[in-house]
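Numbering (our numbering), first residue to last: 47 to 96.
Ideal Cβ placement from N, Cα and C applies to all residues, glycine included.
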């Protein structure tokens, strides 16, 4: 769900986690992948404005 842009708070709630921290700690590898994708998007945006 995180890879599909579902907010972490909603994912946490749907999984029944007691806090969003548990969700983010458990699925931190997904967050890392998402950050790498975000870097690519940012790079493309910066190329477009220069």
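Length of the line joining the Cα atoms of residue i and residue j
{"i": "residue 59", "j": "residue 68", "result": "11 Å"}
{"i": "residue 72", "j": "residue 84", "result": "20 Å"}
{"i": "residue 76", "j": "residue 51", "result": "11 Å"}
{"i": "residue 95", "j": "residue 82", "result": "21 Å"}
{"i": "residue 93", "j": "residue 74", "result": "29 Å"}
Residue interval of the alpha helix (DSSP H) (run including residue i)
{"i": "residue 95", "result": "74-95"}
{"i": "residue 59", "result": "54-61"}
Close beta carbons around residue i, own chain, < 7 Å, minus the five adjacent residues each side
{"i": "residue 63", "result": "69"}
Neighbourhood of residue i by C-beta, 8 Å cutoff - its chain only, sequence neighbours within 5 removed
{"i": "residue 54", "result": "48, 66, 69, 70"}
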